[in-house]
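Working notes for the structure below.
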Ligand code: APR
Ligand code: PHB
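Residue numbers (the working numbering): 202 to 590.
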């Protein structure tokens, strides 16, 4: 088999890249390790930057997003018993859109299948060959049969645990990592959101976040020790702790209900450099991970996809290699700014178990600065809605 671009990974990065290439007449094949239902079963964040919304529109996959997405002009920050609001639209002219990542992935799968895309599920033993040469190819197995796809380029959209990053030789790779000493316990419940906008809370007992998927589907998180297991937390224990971490007006009106999903996620910052090697290009979680505080995971994957699809269009449609030659440098420039914001917001809003009294004073001063200074809020708003591509 031969194609122009092999895309390893059928998550949001791979699907969006494939659809954008398709609308520009460039053929790709997606190799996905799991089934479509398994991929759609993942519960992930749901705050989209305008840049991602624009990409979905360019990909011709924005109808449901625009019809069902919830446009948010700001967010509430709670610090101990104080609350204030950061107004995204006033500072940046842009909102963010709350729309479940599962729905975005579903829309992309529907569009790719409608276009008759080549998506191969349940692939095993994927290997990348000659990525740094002139005849790259990818081999894989399905149902015990071995296959090879010759291609011009390979997009590694296979997430943190994929094969792509590991294909780049260790002596070429530089990896940067920070593991946070706490996790997030998340609950999905068929209850109305406690507030029309998100609430990020730094309480004496730790971080809490109130989010949502729609008018009757809420998503809540509380910071928890990394040693906790989901089984340690009953629904009652979760709701009790969440209420203790919210200012009274929200705690008193919170509608609780049975969890329909409950999970614990660890928090890390991670970047690998470079994001390309020969004809292999890394996109999304394959290249970088952010703590979910700033909702930058999917949105930073989207900017990678923007740079890579633009580069491939330049190659195929304009016979220019400039985009390909500068992809890693351009993508990393924005990746590091998203990493910084995610680190800053995570450090600001969580109670580190190793925090010293001085550290707490610094946190309180930073939150007061954000509460009291319009320019500081403007900087946060610019980062939250998404820096330009
Ligand atoms: N071969 C084929 N597919 C693979 C392989 C492999 N060796 N390894 C992983 N995959 C698939 C996974 O099954 C998954 O569907 O690659 C996909 C990677 O998807 P994500 O992990 O979601 O990464 P990405 O598409 O970059 O998404 C970026 O969305 O899912 C969130 O947390 C993620 O916020 C991040 C954003
Ligand atoms: C979510 O809705 O899951 C969500 C929202 C905002 C975040 C993280 C997660 O910062």
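Note that beta-carbon positions come from the ideal geometry of N, C-alpha and C, so glycine has one too. All values derive from a computational prediction rather than experimental measurement.
Less than 8 Å separating the Cβ of residue i from some heavy atom of the ligand APR?
| i | result |
| --- | --- |
| residue 342 | no |
| residue 213 | yes |
| residue 232 | yes |
| residue 485 | yes |
| residue 499 | yes |
| residue 327 | yes |
| residue 516 | no |
| residue 362 | yes |
| residue 502 | yes |
| residue 240 | yes |
| residue 324 | yes |
| residue 352 | no |
| residue 573 | no |
| residue 203 | no |
| residue 358 | yes |
| residue 209 | yes |
| residue 391 | no |
| residue 302 | yes |
| residue 235 | yes |
What residue range is occupied by the uninterrupted alpha helix (DSSP H) comprising residue i?
| i | result |
| --- | --- |
| residue 505 | 498-519 |
| residue 567 | 558-573 |
| residue 533 | 523-550 |
| residue 396 | Segment: none, residue 396 is in no alpha helix (DSSP H) and carries neither H nor E. |
| residue 239 | 237-241 |
| residue 218 | 213-224 |
| residue 257 | 251-259 |
| residue 441 | 436-445 |
| residue 303 | 302-315 |
Please classify residue i as buried or exposed, where buried requires at least 16 other C-beta atoms within 10 Å of its C-beta.
| i | result |
| --- | --- |
| residue 467 | exposed |
| residue 233 | buried |
| residue 518 | exposed |
| residue 551 | buried |
| residue 239 | exposed |
| residue 349 | exposed |
| residue 559 | exposed |
| residue 461 | exposed |
| residue 372 | exposed |
| residue 363 | buried |
| residue 563 | exposed |
Determine the extent of the beta strand (DSSP E) in which residue i is found, giving its start and end residues.
| i | result |
| --- | --- |
| residue 488 | Here residue 488 belongs to no beta strand (DSSP E), and DSSP marks it neither H nor E. |
| residue 378 | 375-390 |
| residue 469 | 460-474 |
| residue 588 | It is not in any beta strand (DSSP E) - residue 588 carries neither H nor E in the DSSP assignment. |
| residue 267 | Counting along the chain, residue 267 falls outside any beta strand (DSSP E), though it belongs to the alpha helix (DSSP H) covering 264-269. |
| residue 420 | 418-425 |
| residue 330 | 325-330 |
| residue 340 | 338-343 |
Please look up how many angstroms separate the CB atoms of residue i and residue j, rounded, as I've assumed it's under 8 Å.
| i | j | result |
| --- | --- | --- |
| residue 297 | residue 285 | The pair is not a contact, with the Cβ atoms about 18 Å apart (cut-off 8 Å). |
| residue 220 | residue 313 | 6 Å |
| residue 251 | residue 586 | 6 Å |
| residue 578 | residue 287 | 5 Å |
Is any heavy atom in the ligand FMN found nearer than 8 Å to the beta carbon of residue i?
| i | result |
| --- | --- |
| residue 220 | Among the ligands in the structure shown, the ligand FMN does not appear; only the ligand APR and the ligand PHB can be found there. |
Quick check: is the beta carbon of residue i nearer than 9 Å to any beta carbon in chain C?
| i | result |
| --- | --- |
| residue 471 | Protein chain content of the structure displayed is limited to a single chain, and chain C is not contained in it. |
Using only Cβ atoms and a threshold of 5 Å, which residues come within that distance of a heavy atom of the ligand PHB? Order them by chain position. 246, 247, 248, 412, 420, 493 and 496
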